[in-house]
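J.: Before I ask anything, here is the structure I am working with.
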Amino acid sequence: MAATSTCHATTTVPTRKFDSGELRGEGAYVVAPPSVHPRGGEYSWITSPKEVQLAPLDADWVVPTLNSQSEIKSTTPSSNTTWGKDSVYQDYLEHLERLDGEEEYVQLVCKLLGITTARKFLCVLHAERRPSAALWRNPKGIYSYKDFHGRGQSSYTLTEVFASTTTGIEMAMAGPTLAVWKLRLMAEVGVLTPVPVSLPALPPSASKDAHLVRRAIQDIYGLRWAREHGTPAPFTRRFMTPWTRLPEGRWESGFGEVLKANVVRKVGECPSGFPVATSLYLPGYEED
Ligand SMILES: [Zn+2]
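Here the numbering used here is used: the first residue of the sequence shown is 1445, the next is one more, and so on.
Printed below as a string of structure tokens:
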């Protein structure tokens, strides 16, 4: 985009298609030069934006979009972001859902998971002899994984399939958990670049598990901060044990070492829906 100034909507703006183009909502995925295609080669313009003038923006074209509340769910003005409920990630998730309808992305995910959109295949979640699983496209164009075993869910998001095959645990996910796993999948197939995050080092005496936990935390900030730089993150046992594939006890002691070494520090908490609130953390370094 050639624009030198930006404005920020106080509600989520959904992506909308028009005859003359597309308005991409915040968090929507855009590929533009000089992005590199995951299979190599750089994207290039057919007509560079430098060669053409900006098209006039017709207010009528935009305003109905901004006001189309019917397409906006659970939005929160960015000024009262609640990390706890992780509304930012829920909004983001809705934008991200559309990604599961984008052919190029879906093909990359298929390649990673060893599945195909073309025909039935052997279920990657359960052992079977005859192919019974398939990808199904809903009327909105979103792909999901259909499982006809009746052993678990009958339908999974591509992200759930990825998380389940990564952890070896069948994972049904929603909300921020699903969002962060999706960011991990996006990074895995090369459509999202995690931001580099530096964390304080562990002492030389630190255990292997503490190093594993520190690395996982660094990865998660890298994914989350690609979207919202510098925001605190929760590292709950419930989320982190499958993510790190550490048993609960080893996660607890590894995370204990990480806290003791001030790799991350608690900066607040948010309601969790459980009696104990969820703690939020930032890197132990002071923000500059
Ligand atoms: Zn299955």
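Think of the CB as a built atom: it goes at the ideal place given N, C-alpha and C, for glycine as much as any other residue.
1. Given a cut-off of 8 Å, decide if threonine 1603 and leucine 1579 are closer than it, judged by their beta-carbon atoms.
2. Taking the straight line between their C-alpha atoms, what separation do you get for asparagine 1582 and alanine 1571?
3. Does the distance from the CB of valine 1568 to the CB of threonine 1609 come in under 8 Å?
4. Can you list, in chain order, the residues of its chain whose CB lies under 7 Å from that of histidine 1655, leaving out five sequence neighbours each side?
5. Heavy atom of ligand 1 less than 7 Å from the Cβ of leucine 1569, yes or no?
6. Assuming alanine 1654 is part of the beta strand (DSSP E), what are its boundary residues?
7. Pick from Cys1714, Gly1666, Gly1619 and Ile1613: whose alpha carbon is nearest that of valine 1641?
8. If you follow the beta strand (DSSP E) that tyrosine 1589 is in, where does it begin and where does it stop?
9. Do glycine 1585 and glycine 1545 come within 8 Å of each other at the CB atom, strictly closer than that value?
10. Cβ of histidine 1539 within 7 Å of any heavy atom in ligand 1?
11. Measuring alpha carbon to alpha carbon, tell me which of Ile1664, Arg1681, Glu1672 and Gly1712 ends up nearest serine 1697.
12. Is the Cβ-Cβ distance between valine 1738 and histidine 1593 less than 8 Å?
13. With proline 1727 as the anchor, note down where its beta strand (DSSP E) starts and where it stops.
14. Looking only at its own chain, which residues have a Cβ that is under 8 Å from the Cβ of glycine 1728, when we skip the five neighbours before and after it?
15. Where do the N-terminal and C-terminal ends of the alpha helix (DSSP H) with lysine 1555 fall, by residue?
16. On the criterion of 16 or more Cβ atoms from any shown chain inside 10 Å, does threonine 1637 qualify as buried, or is it exposed?
17. Compare the Cα-Cα distances from aspartate 1653 to each of Ala1670, Ser1716, Trp1695 and Leu1556 and report the closest residue.
18. Just checking alanine 1577 against ligand 1 - is the residue's beta carbon closer than 7 Å to any of the ligand's heavy atoms?
19. Tell me the rounded alpha-carbon separation between serine 1716 and leucine 1726.
20. Following the continuous alpha helix (DSSP H) through leucine 1569, name the residue where it begins and the one where it ends.
21. If we define contact as Cβ-Cβ less than 8 Å, is serine 1492 a contact residue for chain D?
22. Within 10 angstroms of the Cβ of proline 1676, are there 16 or more other Cβ atoms? Answer buried if so, exposed if not.
23. Along the chain, where does the beta strand (DSSP E) that runs through lysine 1710 open and close?
24. With 16 as the cutoff for other CB atoms within 10 Å, does proline 1719 come out buried or exposed?
25. Could you tell me which residues DSSP puts in a beta bridge with tyrosine 1600?
26. Per DSSP, what are the beta-bridge partners of leucine 1579 in this structure?
27. Can the beta-carbon of tyrosine 1589 be found closer than 8 Å to that of serine 1599?
T.: Here's the rundown:
1. Taking the first residue of the sequence shown as 1, we reach residue 1579 at position 135. Taking the first residue of the sequence shown as 1, we reach residue 1603 at position 159. No; because the gap between Cβ atoms is not below 8 Å, this pair is not in contact.
2. Taking the first residue of the sequence shown as position 1, residue 1582 is located at position 138. Taking the first residue of the sequence shown as position 1, residue 1571 is located at position 127. Looking at the two C-alpha atoms, the distance is approximately 26 Å.
3. As a position in the sequence shown, residue 1568 is number 124, starting the count at 1. As a position in the sequence shown, residue 1609 is number 165, starting the count at 1. Against a cut-off of 8 Å, the Cβ pair of threonine 1609 and valine 1568 comes out as a contact.
4. Here residue 1655 refers to the residue found at position 211 of the sequence shown. Same-chain partners within the cutoff: Leu1646.
5. Counted from its first residue, the sequence shown places residue 1569 at position 125. Checking the Cβ of leucine 1569 against ligand 1 gives yes.
6. For the purposes of this step, residue 1654 is taken as residue 210 along the sequence shown, with counting starting at 1. Unbroken run through alanine 1654 is the alpha helix (DSSP H), 1652 to 1668; no beta strand (DSSP E).
7. Residue numbering aside, residue 1641 sits at position 197 when the sequence shown is read from its first letter. For valine 1641, the nearest C-alpha among the options comes from Gly1666.
8. Taking the sequence shown and counting its residues from 1, the one referred to as residue 1589 is at position 145. Here the beta strand (DSSP E) through tyrosine 1589 covers 1587 to 1590.
9. Residue numbering aside, residue 1545 sits at position 101 when the sequence shown is read from its first letter. Residue numbering aside, residue 1585 sits at position 141 when the sequence shown is read from its first letter. Cβ distance < 8 Å, so glycine 1545 and glycine 1585 count as in contact.
10. Working through the sequence shown from its first residue, we reach residue 1539 at position 95. Because no heavy atom of ligand 1 lies under 7 Å away, the Cβ of histidine 1539 does not count as near it: no.
11. Reading the sequence shown from its first residue, position 253 is the one you call residue 1697. Between serine 1697 and the set Ile1664, Arg1681, Glu1672 and Gly1712, the nearest pair of CA atoms involves Arg1681.
12. With the chain covering only 1445 through 1732, there is no way to say anything about residue 1738.
13. For this step, residue 1727 is matched to residue 283 along the sequence shown. Run containing proline 1727: 1722 to 1727, per the beta strand (DSSP E) assignment.
14. Stepping through the sequence shown from its first residue, residue 1728 is reached at position 284. Take glycine 1728, set aside five residues on each side of it, and the residues of its chain with a beta-carbon closer than 8 Å to its own are Leu1643, Pro1644, Ala1705, Asn1706, Val1707, Val1708 and Arg1709, in chain order.
15. Counting from one through the sequence shown, the residue named residue 1555 turns up at place 111. First-last of the alpha helix (DSSP H) with lysine 1555: 1547 to 1557.
16. As a first step, residue 1637 is located in the sequence shown; it is residue number 193 there, counting from the start. It is exposed - the Cβ of threonine 1637 has fewer than 16 other Cβ atoms within 10 Å.
17. If you number the sequence shown from 1, residue 1653 lands on position 209. For aspartate 1653, the nearest C-alpha among the options comes from Trp1695.
18. As a working note, residue 1577 is residue 133 in the sequence shown. At least one heavy atom of ligand 1 is nearer than 7 Å to the Cβ of alanine 1577, so yes.
19. In the sequence shown, the residue the question calls residue 1716 occupies position 272. In the sequence shown, the residue the question calls residue 1726 occupies position 282. Straight across, the Cα-Cα distance linking serine 1716 with leucine 1726 is about 18 Å.
20. In the sequence shown, residue 1569 corresponds to position 125, counting from 1. Counting along the chain, leucine 1569 falls outside any alpha helix (DSSP H), and DSSP gives it neither H nor E.
21. Protein chain content of the structure displayed is limited to a single chain, and chain D is not contained in it.
22. Here residue 1676 corresponds to residue number 232 of the sequence shown, with the count starting at 1. Within a 10 Å sphere around the beta-carbon of proline 1676 sit 16 or more other beta-carbons, which makes this residue buried.
23. Within the sequence shown, the letter at position 266 stands for residue 1710. Following the DSSP letters along the chain, one finds lysine 1710 inside the beta strand (DSSP E) bounded by residues 1708 to 1714.
24. Position 275 of the sequence shown holds residue 1719. Label assigned to proline 1719: exposed.
25. By 1-based counting over the sequence shown, the position of residue 1600 is 156. Paired residue(s): Tyr1589.
26. Your numbering for residue 1579 matches position 135 in the sequence shown. DSSP lists Tyr1589 as the beta-bridge partner residues of leucine 1579.
27. Position 145 of the sequence shown, counting from 1, holds the residue named residue 1589. Position 155 of the sequence shown, counting from 1, holds the residue named residue 1599. Yes, the pair counts as a contact, with Cβ atoms nearer than the cut-off.
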